[in-house]
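Peer 1:
There are 2 protein chains.
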Amino acid sequence: MDHVDKIAKQWNTERPDLDVGAMEIVGRFGRITNHLRDAMGKTFADYGLNGASFDVLATLRRSGQPYALSPGELIKATMVTSGTMTNRIDQLVKAGLVARVKNREDARSFVISLTDKGFDLIERVVGEHVKTQQKLVEGLTPDEALQLNELLKKFLAHFEAE
Amino acid sequence: MDHVDKIAKQWNTERPDLDVGAMEIVGRFGRITNHLRDAMGKTFADYGLNGASFDVLATLRRSGQPYALSPGELIKATMVTSGTMTNRIDQLVKAGLVARVKNREDARSFVISLTDKGFDLIERVVGEHVKTQQKLVEGLTPDEALQLNELLKKFLAHFEAE
DNA sequence: TTCTAATATCTTGACATCAAGATAAATATA
DNA sequence: TATATTTATCTTGATGTCAAGATATTAGAA
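As they're listed, the protein sequences go chains A and B. Oh and the first sequence: position 132 is 116 in our numbering, straight run, nothing missing. Oh and the second sequence: position 82 is 66 in our numbering, straight run, nothing missing.
1) Taking Cβ to Cβ, would you say residue 107(B) is nearer than 9 Å to residue 46(A)?
2) On the CB-based measure, 16 or more other CB atoms within 10 Å of its CB, does residue 93(A) come out buried or exposed?
3) Which residue from 18(B), 99(B), 125(B) and 116(B) puts its Cα closest to that of residue 82(B)?
4) State yes or no: is the C-beta of residue 114(A) within less than 9 Å of the C-beta of residue 2(B)?
5) For the alpha helix (DSSP H) that contains residue 97(B), what are its first and last residues?
6) Could you tell me whether the Cβ of residue 129(B) comes closer than 9 Å to any Cβ of chain A?
7) By DSSP's criteria, residue 86(B) is part of a beta bridge. Which residues make up the other side?
8) Nearest chain B C-beta to residue 96(A) closer than 9 Å, yes or no?
9) How big is the Cα-Cα spacing for residue 49(B) and residue 38(B)?
10) Which bits of chain B does residue 8(A) rub up against, with CB to CB less than 9 Å?
11) Determine the chain B residues that contact residue 38(A) at a beta-carbon separation under 7 Å, and present them in chain order.
12) Is the stretch 133 to 140 of chain B touching the stretch 13 to 20 of chain A, taking contact as three or more C-beta pairs under 8 Å?
13) So the candidates are 142(A), 78(A), 120(A) and 125(A); which of them puts its Cα closest to the Cα of residue 21(A)?
14) Can you find a C-beta in chain A that's less than 9 Å from the C-beta of residue 68(B)?
15) For the alpha helix (DSSP H) holding residue 62(A), just list the boundary residues, first then last.
16) What does the Cβ neighbour count give for residue -8(B), buried or exposed, with the cut at 16 atoms within 10 Å?
17) State the DSSP-derived secondary structure class of residue 52(B), mapped to helix, strand or coil.
18) Distance, Cα to Cα, residue 66(A) vs residue 78(A)?
19) Since residue 72(A) and residue 36(A) are thought to touch, with beta carbons under 8 Å apart, how far apart are those beta carbons, to the nearest angstrom?
20) Within 9 Å of any Cβ in chain A, is that where the Cβ of residue 122(B) sits?
21) Consider the Cβ of residue 59(B): report whether some Cβ of chain A lies at a distance smaller than 9 Å.
22) For chain A, check one thing: does any of its Cβ atoms lie closer than 9 Å to the Cβ of residue 3(B)?
23) Following the continuous alpha helix (DSSP H) through residue -4(B), name the residue where it begins and the one where it ends.
24) Which residue from 26(B), 70(B), 111(B) and 54(B) puts its Cα closest to that of residue 88(B)?
25) Under three-state DSSP, which class holds residue 65(B)?
26) Compute the minimum distance between the beta carbon of residue 33(A) and the heavy atoms of the ligand FMN, and state whether it is under 8 Å.
27) Going by other Cβ atoms of all chains shown within 10 Å of its Cβ, with 16 needed for buried, is residue 68(A) buried or exposed?
28) State yes or no: is the beta carbon of residue 28(B) nearer than 9 Å to at least one beta carbon in chain A?
29) Checking contacts by CB at 9 Å: is residue 143(B) closer than that to chain A?
30) Should residue 95(A) and residue 61(A) be called a contact, given that it needs their Cβ atoms to be closer than 9 Å?
31) Give the residues of chain B in contact with residue 85(A), contact being defined as C-beta atoms less than 9 Å apart.
32) Measuring alpha carbon to alpha carbon, tell me which residue in 23(A), 80(A) and 19(A) is nearest residue 63(B).
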């Protein structure tokens, strides 16, 4: 009887006309995601980052050499608005982790480039981050984890069909 | 090949030493939850609410008669800080959907009570909300949905063990 | 060429949230 | 009783986010 079961039970008493089967799935998604975010946030905080700044640095790192993308590309990859990305980049520039480099071919645009300091930091953080994630899925057996991943993949495809 | 697969592939190229199996699960949780929140938010917006205000009204409604809880109880149920709850209540009071009623037995505390207007509103919204949630899980067969729910339940228990 | 449209990014103002601390009342202890 | 502690809620200041609009540049059409 977890927290979501309790909510479902209350609705069954108060509104027996409602079928809350879907609510159980959706509710558990929300709560699990909150726990995951909290746990991962602690790893980021150990290195002076948060989920937002980690996201930008990790996107640049995994894009490969020369570890540089335009703000527009970062916006697409991280699904935030332009204002949010400007703010994130400003902070990372202030921290010396990325640099805004002018694009000679298009004066409207910049390239956001990992500094050496930024590269070294993300290189270390991502290792810890992966360890944290592995610990988080330890509640499931390897077989269950595989099964869950397959179901998530199908579920996500429903939203991100192209 | 969904978005999460692409990220995993980039990491495999750039950092083949990292095992990103757990990252796939965690990443899909994040993306799915974002899609769920967006979709549900639209239903709330149709009634002038957002996820935060819906949450408070729904908590009061499903608590049963007399549809009233203290701020402290609402904080526990919704997992937000006291400042956030004060703000949410202020807005709902302004909108005439709840009322702050003084507690005679303990002058420190109030009871937050659904008004008739608030009751009528949440009564209608929750019906639409359940329909939205049902549509959201239609990407899975009933059997898959059951399977997923069981796995989520076990996963969540890992975080909310008591 | 000159005007218009599209593109790339930044700025502004508003909002929800949190952490930490303030206020006030109830309860426990001396 | 008087004082200290706990409890319940609100206030304040900072942060991250978004939507809408501003600015500047490039590309296309007349």
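Glycine included, each C-beta is placed from N, C-alpha and C at the ideal position. Note that the structure is predicted; figures quoted are calculated from it, not measured.
Peer 2: Straight from the coordinates:
1) no
2) exposed
3) 99(B)
4) yes
5) DSSP places residue 97(B) outside any alpha helix (DSSP H); the residue lies instead in the beta strand (DSSP E), whose first and last residues are 94 to 98.
6) yes
7) 94(B)
8) no
9) One alpha carbon belongs to residue 49(B), the other to residue 38(B), and they sit about 18 Å apart.
10) 133, 136 and 137
11) Those within 7 Å of residue 38(A) in chain B number zero; the least Cβ separation is about 13 Å.
12) yes
13) 120(A)
14) no
15) 55 to 62
16) buried
17) Note: residue 52(B) maps to strand in three-state DSSP.
18) 18 Å
19) That belief holds up - the Cβ atoms of residue 72(A) and residue 36(A) are roughly 5 Å apart, short of 8 Å.
20) yes
21) no
22) For residue 3(B), the nearest CB of chain A lies under 9 Å from its own CB, placing it at the interface with that chain.
23) Note, residue -4(B): alpha helix (DSSP H), -13 to -2.
24) 54(B)
25) coil
26) For the structure depicted, the ligand FMN is absent and the ligand set is empty, with no information on it obtainable.
27) exposed
28) no
29) Taking 9 Å as the CB threshold, residue 143(B) lines the interface with chain A.
30) With a cutoff of 9 Å on beta-carbon distance, residue 95(A) and residue 61(A) are scored as not near each other.
31) Here the premise fails: no neighbours, minimum Cβ distance about 21 Å.
32) 19(A)
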